[in-house]
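See below for the structure under consideration.
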Amino acid sequence: MTELGPLMASDNILDLSWSPDGALLAITPSTGETLIIAEDGRVHERRPEHGLGNGKPAWFQGELVTCGFDGKIRFSVGRECAPGRGLIDRVRTSPDGLLLAAGQGKDLHVFDKSYRATSPFPPVSSAVMDFAWNPANSSEIAIVGAGGARMWRLGGQEPYARFDWGGASLAVDWSSCGRWLVTADQTPSVHIYDFSRDYPLHIQGYEAKVLAMDFSSDGKRLATGGGPVVTVWPCVGVTGPEGVTPIQLDGHDGDVIAAEFSPATDQLATGDGTGALLIFTFQAKQVLRKRMRRDAGIAALAWHPSKPVLAVGQSDGRVSLLSLEASTCTPRETR
Amino acid sequence: MDTTPVTILTGFLGAGKTTLLNRILTEEHGLRIAVIENEFGEIGIDHELVINADEELFEMNNGCICCTVRGDLIRILGSLMKRKDKFDHILIETTGLADPGPVVQTFFVDDELKSKLHVNGVVTLVDAKHVLAHLEDSSEVREQIAFADVLLLNKCDLVEPEELHRLERRIRAMNALTEIHRTTNAAIEISRIIHIGGFNLDRATEVDPHFLEPESHVDEHGHEHHDHEHDEQITSVGIQNDGDCDGKKLNDWLSTLVREQGADIFRMKGVFSLKGNPDRVIFQGVHMIIDAANGGPWGKRPRRNSLVFIGRNLDRAELEKGFQSCLV
Chain A
1 MTELGPLMAS DNILDLSWSP DGALLAITPS TGETLIIAED GRVHERRPEH
51 GLGNGKPAWF QGELVTCGFD GKIRFSVGRE CAPGRGLIDR VRTSPDGLLL
101 AAGQGKDLHV FDKSYRATSP FPPVSSAVMD FAWNPANSSE IAIVGAGGAR
151 MWRLGGQEPY ARFDWGGASL AVDWSSCGRW LVTADQTPSV HIYDFSRDYP
201 LHIQGYEAKV LAMDFSSDGK RLATGGGPVV TVWPCVGVTG PEGVTPIQLD
251 GHDGDVIAAE FSPATDQLAT GDGTGALLIF TFQAKQVLRK RMRRDAGIAA
301 LAWHPSKPVL AVGQSDGRVS LLSLEASTCT PRETR
Chain B
1 MDTTPVTILT GFLGAGKTTL LNRILTEEHG LRIAVIENEF GEIGIDHELV
51 INADEELFEM NNGCICCTVR GDLIRILGSL MKRKDKFDHI LIETTGLADP
101 GPVVQTFFVD DELKSKLHVN GVVTLVDAKH VLAHLEDSSE VREQIAFADV
151 LLLNKCDLVE PEELHRLERR IRAMNALTEI HRTTNAAIEI SRIIHIGGFN
201 LDRATEVDPH FLEPESHVDE HGHEHHDHEH DEQITSVGIQ NDGDCDGKKL
251 NDWLSTLVRE QGADIFRMKG VFSLKGNPDR VIFQGVHMII DAANGGPWGK
301 RPRRNSLVFI GRNLDRAELE KGFQSCLV
């Protein structure tokens, strides 16, 4: 393993985001400038902070689009808009790269490639906590908040699907095949929705609220972190995770804050608030684990889109780039 | 406490919340305060941290208020707490239509927020000139009064003293625990807003015994009458009793009570004497959530149980009977 860095941002690392071609990495701290660096660590560009705090950016039309607590979206230097009132804590690009969505209060704004705002559906009934594009269909988007998840098609007046729940869902992710949707809840639980059967699963028993979750690139595994144990659910077959004992990966000392599957190798990287960083390699009959310790809590992780390179962001503002090989992992018993 | 205090500011539109916020943000108190503003009241100050957020309003036609938390606040506050520069205080300004219950519950239910924040108190602003009309029409106004640790009876310059007195009595009948201040232009020492300790179990929960007695007045013949001028749905019930409680029975009674009537109990505070325990035991609750702590030794104080419920459709006789069953 080789390491590049550390680089230093001004605050806790809120987000790390590689450009689609992997040439650039955006480092977004909670407050302060966003840095765009090249793979060799050189600073390529600095973006001014959003007043009151930054949101999570996205790459769109070859540029980094930033957002923040000032309620503004910056498409590039000199091009910004304030689509409504209230903070914007993230923007996301559609899978086909042609649209950009931003949640603001009860509105989900969608911008086309000419940066024009469209109103693809009416305001939703509760504040947009999080949203996710359907990786298999760029005209579908899931919005979560109080009351569960609602799935919309652009141009629709009503959600085409909904999964109701009495509490608030705080985060959402959608598998690459479009079959599975997962939401992290206000309670130590997740909901996993199976679109093929129109079927919701409510999975409880986590030690703490689930703060990290990610589907593998083939959509067959879902990693969730609620507490110090990483629970990996199989999302295959007719019933997926229902009735199945998940893989439970230990090794963390504190609550898991970040979990990311590598698009290139399907290794799973997880990090916790004490600074423990784990890399898991899934083999046929075992899971290999590599454990590392950083000198501050892990705040964000991002794998390079095509190489086994992991960007690691810490709560103290440090960012490192780790080049990893699968053979360096140690076999571990799974439970 | 190492956690950051949070004050929740509530009150009907026009009661003076923005005026109060502007005061707090312009005074030289030396505190770094973050404000989460839901009312979009156009705070006229270019303050470094006033965050506009679209408020979550719940329609509880069929659902249970007891489990409801403010997911939007969990996300915003979670983000604020990760920043390097910490805040001395956080103020959440809710809209006039807000139910304070879910806001308060958020800080008791979410472990991540609980570890970093604590509720300092609920400050409710009331427009003394217009509140009577709102009291009849708006359950939110009644609940905002019921939840208040500090209540500013604002715009007092527009109301006759006698009317103010009647209004105070009516508010007191609803909320026996709140500290009422008469204000004009929301003028009040900031320390009364910032240092409330309304949910601080370390503080002695002293309740004025007067407020534990049923409302009454004396007519010109010296006869006492109970004041039934207003049939308030929201009332306060205070119970005071010497003697020791059986800890298990008390715990069972309170648990059953909040489970069955939690939706109607807005606040509950109590100081209890448990058999065999030399220390005071303090409980406080919001809907179905109960918190308990050791209140320190009784020392020379009489071992007197006192508890107050603030809520809707409270049955004093049933509550007294239930508590009596816990006594040894």
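Going line by line, the protein sequences match chains A and B. Each step along the first sequence adds one to the number in my numbering, with nothing skipped, and position 170 is 170. Each step along the second sequence adds one to the number in my numbering, with nothing skipped, and position 38 is 38. All C-beta atoms in this analysis are idealised placements derived from N, C-alpha and C, irrespective of residue type, glycine included. Note that the structure is predicted; figures quoted are calculated from it, not measured.
Point to revise | Cα-Cα separation between Gly63 (chain B) and Gly167 (chain A), rounded to whole angstroms | key: Bear in mind that the predicted position of Gly63 (chain B) carries a pLDDT of just 46, short of 50, making it too unreliable to give a figure here.
**Study point:** Chain-order list of residues whose beta-carbon lies under 6 Å from that of Arg169 (chain B) (same chain, five-residue window excluded)
**Key:** none
**Study point:** Per-residue DSSP class, three states only, for Ile180 (chain B)
**Key:** strand
Point to revise | Neighbourhood of Arg85 (chain A) by C-beta, 7 Å cutoff - its chain only, sequence neighbours within 5 removed | key: Gly71, Gly105
Review point. Of the residues that make up the segment 93-116 of chain A, which ones have a beta carbon closer than 9 Å to any beta carbon in chain B?
Key: Cβ contacts with chain B come from Gln104, Gly105, Lys106, Asp107.
Exercise for review: Helix, strand or coil for Gln261 (chain B), going by three-state DSSP, please let me know.
Suggested key: helix
Exercise for review: In the DSSP assignment, find the beta strand (DSSP E) that holds Leu14 (chain A) and state where it starts and stops.
Suggested key: 13-18
Review point. If you measure from the beta carbon of Phe280 (chain A) to each beta carbon in chain B, is any gap under 8 Å?
Key: no
Check your understanding: So, are the CB atoms of Ile190 (chain B) and Ile92 (chain B) less than 8 Å apart?
Key -> No, the pair does not count as a contact, with Cβ atoms beyond the cut-off.
Point to revise | Proximal residues of chain A, C-beta to C-beta of Ile74 (chain B) below 7 Å | key: Think of a sphere of 7 Å around the beta carbon of Ile74 (chain B): the chain A residues whose beta carbon falls inside it are Leu170, Gln186, in chain order.
Review point. Expressed to the nearest angstrom, what Euclidean distance is found between the alpha-carbon atoms of Leu152 (chain B) and His118 (chain B)?
Key: 22 Å
**Study point:** chain A contact for Lys82 (chain B) (CB, 8 Å cutoff)
**Key:** So, interface residue.
Exercise for review: Could you have a look at Met268 (chain B) and say whether DSSP puts it in helix, strand or coil?
Suggested key: strand
Check your understanding: At what residue ranges does the segment 207-259 of chain A contain a whole run of the beta strand (DSSP E), taking only runs of 3 or more?
Key -> List check, beta strand (DSSP E) in window: 212-215, 221-225, 230-234, 247-249.
Review point. Could one say the Cβ of Gly240 (chain A) lies closer than 8 Å to chain B's Cβ atoms, at least one of them?
Key: no
Check your understanding: Asp46 (chain B): buried (16+ other C-beta within 10 angstroms of its C-beta) or exposed?
Key -> Unreliable placement is indicated for Asp46 (chain B), whose pLDDT of 45 sits below 50; the coordinate value is still reported in the next sentence. Asp46 (chain B) should be labelled exposed.
Check your understanding: In chain A, which residues lie with their C-beta within 7 Å of the C-beta of Gly322 (chain B)?
Key -> Going along chain A, no residue has its Cβ under 7 Å from Gly322 (chain B), so there is no contact; the nearest lies around 28 Å.
Practice item. Write down the C-beta distance between Phe280 (chain A) and Arg293 (chain A) rounded to the nearest angstrom, noting that I regard them as a contact closer than 8 Å. Key: Contact between Phe280 (chain A) and Arg293 (chain A) is ruled out by a C-beta separation of about 16 Å, above the 8 Å threshold.
Point to revise | Cut-off 7 Å between Cβ atoms - residues of its own chain near Asp255 (chain A), not counting five sequence neighbours on either side | key: Ala208, Leu211, Gly227, Pro228, Asp272, Gly273
Review point. Which stretch, first to last residue, makes up the alpha helix (DSSP H) that contains Lys290 (chain A)?
Key: It is not in any alpha helix (DSSP H) - Lys290 (chain A) instead sits in the beta strand (DSSP E) that spans 287-293.
Practice item. Could you spell out where the alpha helix (DSSP H) holding Ser79 (chain B) opens and where it closes? Key: 71-81
Exercise for review: Take every Cβ of the segment 77-88 of chain B, pair it with every Cβ of the segment 127-144 of chain A, and state whether three or more of those distances are shorter than 8 Å.
Suggested key: no
Review point. Hey, Ala146 (chain B) and Ile234 (chain B) are a contact pair by Cβ (cut 8 Å); roughly how many whole angstroms apart?
Key: With a Cβ gap of about 5 Å, Ala146 (chain B) and Ile234 (chain B) count as contacting.
Point to revise | Proximity test, Cβ basis, 8 Å: Gly44 (chain B) and chain A | key: With a pLDDT of only 45 at Gly44 (chain B), under the threshold of 50, the placement of this residue in the model should not be trusted, and no figure is reported.
Point to revise | Interface partners of Ile51 (chain B) on chain A, CB under 7 Å | key: Leu52, Phe69, Leu87
Review point. Would DSSP call Leu99 (chain A) helix, strand or coil?
Key: Note: Leu99 (chain A) maps to coil in three-state DSSP.
Exercise for review: Kindly list, in the order they appear in chain B, the residues whose Cβ is closer than 9 Å to that of Thr31 (chain A).
Suggested key: Arg83, Lys84, Asp85
Check your understanding: When we look at the beta-carbon of Val244 (chain A) and count the other beta-carbons within 10 Å, is it buried (16 or more) or exposed?
Key -> exposed
Practice item. Would you mind listing the beta strand (DSSP E) stretches within the segment 90-172 of chain B that are 3+ residues and don't spill past its ends, in chain order? Key: 117-127, 150-154
Check your understanding: When the Cα of Pro95 (chain A) is compared with those of A:Leu64, A:Ala132, A:Val77, which residue comes out closest?
Key -> A:Ala132
Check your understanding: Mind checking if Asp2 (chain B) is an interface residue toward chain A, Cβ cutoff 8 Å exclusive?
Key -> no
**Study point:** Gly148 (chain A) at chain B interface by Cβ criterion, 8 Å
**Key:** Answer no: the Cβ-Cβ gap between Gly148 (chain A) and chain B never drops below 8 Å.
Check your understanding: So which residues on chain A does Glu112 (chain B) lean against when the C-beta distance must stay under 9 Å?
Key -> Ala208, Lys209, Leu211, Asp255
Practice item. Indicate whether at least one CB of chain A lies closer than 8 Å to the CB of Gly101 (chain B). Key: Interface with chain A (8 Å Cβ-Cβ cutoff): Gly101 (chain B) is excluded.
Point to revise | Alpha-carbon to alpha-carbon, Gln186 (chain A) and Gly71 (chain B) | key: 7 Å
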